[in-house]
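According to full-length UniProt numbering, the sequence shown is numbered sequentially starting from 14.
We put the CB at the ideal spot given by N, CA and C, even for glycine.
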Amino acid sequence: ESDLPEREAALIARRDAVLGASYRLQYRRPVHFVRGEGMWLYDPDGRAYLDFYNNVPSLGHCHPEVNAAMAKQAARISANTRYLEPRLVDYAERLVGTFPEELDRVVFTCTGSESNDLALRIARFASGGEGVIVSSYAYHGTSGAVAAVSPNLGDAVKLSPFVRMVSLPGPAGIPESQAGDFFEAQIRSAILDLNRRGMGVAALLIDSIFSSDGVWVDPPGFIAGGVAAVREAGGLVIADEVQPGFGRTGTHMWGFERHGIVPDLVTLGKPMGNGFPIGAVVGRQAPMERFGATARYSNTFAGNTVGIATADAVLTILERDQIRQNALAMGQRLRAGLEEMAMKHREVRAIRNAGLFFGVDIGSEDTSAAARRAMALDIVNAMRDDGVLVSTTGANEDALKVRPPLVCGAEHVDLFIAAAERAITTVAG
Ligand code: PMP
């Protein structure tokens, strides 16, 4: 970090002193942005960075219409959900209208973590069970209850005694033809163990593109057998749509639809407000009503009129501008570019994607896990120096995590591919 400009070095020292160690910075040479517009972020010197990482501003950074809707409502009133407010009901109806008809209830939250925390409470209430089944590198959020079912946090948290982790077929090297059976068998043994210990099954909680496990999307439908097994055992199925939701997978509005299942509860966050903190739990009437009639859920900021006006504008633009369809087309273009690159560079080991969410495994088979991880990190940093933002994911952190705003155009895809090729050539040299 010694070659950092004085201005950045001083800021890092002050950050460390006041914010402490839990505030991590991305990149060896941290970036400082002062402005965002569409696919681009700008540093204080006016240098533009192409954003292929941030999935919150799906409609692009600082979308003028979203900002206008937010500002207009903020200038009028920001009220909570205990007052009669037609826009709250209008948006709630619109939102559940994008789901299969069984899912017709919604409760608003402020973050993805709150959504998952609430969904777990509802699932435990409705099922009478305690056990929660998650994938082996899942991340579901920050609250105590959801951090305790997030193995991705590693040694930093004590996992709940009620959590059971299941391996995914892809990382376990299982052929696609056996993927569903493998997943279901893992789930069945988790259920057996939970029941044997008298905990019962409250929920299967999964992000259907398994983003923190390294982006394992195929084959579509592989989760269906496991989902059925959980229902059979009296548990609820919670689809964490914080990552795949709102059209990112290109083919569907919601990630679970790719797998041909209908969950009991669905949790939303990140792109719902294009940057404004708003989330939700959408669910089937029975568990939602059972919980709502007995338990109390009042959340000061959730569903406030400013958040609702913002989310409403986001949904309007998403539909009007055919953002999901764009994610599909640009995902195909990006995949073709990456495949071409993989033919030239054996360091590109595998490419997985659904729409505009990619995991790109880095490092050839014959190198060590540590070498592959180091190479992925070198590529991420080389691309940053070249003005393109990506990160890593997966159990070994050796997959590039690529998930641009969904307004990405062909010219951005081509710039990204050129930068990735330069980085791989430099790093693999
Ligand atoms: N679920 C998933 C799958 C996530 O990726 C995240 C955030 N990275 C969360 C939940 C938590 O969302 P938030 O940070 O908004 O609380």
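> Whole alpha helix (DSSP H) runs in the stretch 129-195 with 4 or more residues, listed along the chain?
Replying inline: Fully enclosed alpha helix (DSSP H) runs of 4 or longer: 157-160.
> If you measure from the CB of Thr-406, is any heavy atom of ligand 1 nearer than 7 Å?
Replying inline: As a working mapping, residue 406 is identified with position 393 in the sequence shown. Thr-406: no, Cβ never under 7 Å from ligand 1.
>> Please classify Tyr-104 as buried or exposed, where buried requires at least 16 neighbouring CB atoms within 10 angstroms.
In response: Numbered from its first residue, the sequence shown carries residue 104 at position 91. Buried: at least 16 other Cβ atoms inside 10 Å.
> Per DSSP, what kind of secondary structure is Ile-25 in: helix, strand or coil?
Replying inline: As a position in the sequence shown, residue 25 is number 12, starting the count at 1. Three-state result, Ile-25: helix.
> Since Ser-225 contacts Tyr-150 with CB under 8 Å, what's their CB separation in whole angstroms?
Replying inline: Taking the sequence shown and counting its residues from 1, one reaches residue 225 at position 212. Taking the sequence shown and counting its residues from 1, one reaches residue 150 at position 137. With a Cβ gap of about 5 Å, Ser-225 and Tyr-150 count as contacting.
> Do the stretch 273-289 and the stretch 255-263 make contact, defined as three or more Cβ pairs closer than 8 Å?
Replying inline: As far as the Cβ criterion goes, the stretch 273-289 touches the stretch 255-263, which means the pair count is three or higher.
>> For Thr-280 and His-358, I'd like the C-alpha separation in whole angstroms.
In response: Numbered from its first residue, the sequence shown carries residue 280 at position 267. Numbered from its first residue, the sequence shown carries residue 358 at position 345. When rounded, the distance between both Cα atoms is 39 Å.
> Ala-408 and Gly-227 look like a contact to me (Cβ under 8 Å); what is the Cβ gap, rounded to whole Å?
Replying inline: Translated into positions along the sequence shown, residue 408 becomes position 395. Translated into positions along the sequence shown, residue 227 becomes position 214. Sure, about 6 Å apart at Cβ, within 8 Å.
> Is it true that the stretch 366-379 meets the stretch 256-270, where meeting means three or more beta-carbon pairs spaced less than 8 Å apart?
Replying inline: Touching, yes.
> When every heavy atom of ligand 1 is checked, does at least one fall within less than 7 Å of the C-beta of Thr-262?
Replying inline: Taking the first residue of the sequence shown as position 1, residue 262 is located at position 249. No, since every heavy atom of ligand 1 falls outside the 7 Å radius drawn around the Cβ of Thr-262.
>> Between Gln-256 and ligand 1, is there a pair consisting of the residue's CB and a ligand heavy atom that are separated by less than 7 Å?
In response: Residue mapping note: residue 256 aligns to position 243 of the sequence shown, counting from 1. Indeed, a heavy atom of ligand 1 lies less than 7 Å from the Cβ.
>> Considering Cα atoms alone, identify which of Leu-207, Ile-222, Ser-221 is closest to residue 5.
In response: Outside the displayed span of the chain (14 to 442) sits residue 5, for which this structure offers no information.
> Is the stretch 141-160 in contact with the stretch 177-186, if contact means three or more CB pairs nearer than 8 Å?
Replying inline: yes
>> For the structure I just gave you, are there three or more beta carbon pairs, one from the stretch 315-327 and one from the stretch 393-401, closer than 8 Å?
In response: no
> In whole angstroms, what is the alpha-carbon distance linking Arg-27 and Gly-33?
Replying inline: Position 14 of the sequence shown, counting from 1, holds the residue named residue 27. Position 20 of the sequence shown, counting from 1, holds the residue named residue 33. Arg-27 and Gly-33: Cα-Cα distance of roughly 9 Å.
> CB-CB under 8 Å to Asp-80, same chain, minus the five flanking residues each way: which ones, in chain order?
Replying inline: Counted from its first residue, the sequence shown places residue 80 at position 67. In the sequence on display, residue 80 carries Asn and not Asp. If we look at Asn-80 and ignore the five residues flanking it on each side, it has no Cβ neighbours.
> How long is the line joining the alpha carbons of Val-69 and Arg-20, rounded to whole angstroms?
Replying inline: Position 56 of the sequence shown, counting from 1, holds the residue named residue 69. Position 7 of the sequence shown, counting from 1, holds the residue named residue 20. Near 28 Å, if we compare the C-alpha coordinates of Arg-20 and Val-69.
> Any heavy atom of ligand 1 within a distance shorter than 7 Å of the CB on Ser-140?
Replying inline: The residue given as residue 140 occupies position 127 in the sequence shown. Checking every heavy atom of ligand 1 against the Cβ of Ser-140, none is found closer than 7 Å.
>> With a threshold of 8 Å on Cβ separation, who are the neighbours of Ile-251 within its own chain once the five nearest residues in sequence on each side are excluded?
In response: Taking the sequence shown and counting its residues from 1, one reaches residue 251 at position 238. So the list reads Asn-129, Ala-132, Leu-133, Ala-136, Ala-216, Leu-217, Leu-218, Ile-219, Pro-276, Asp-277, Leu-278, Val-279, Thr-280, once near-sequence residues are dropped.
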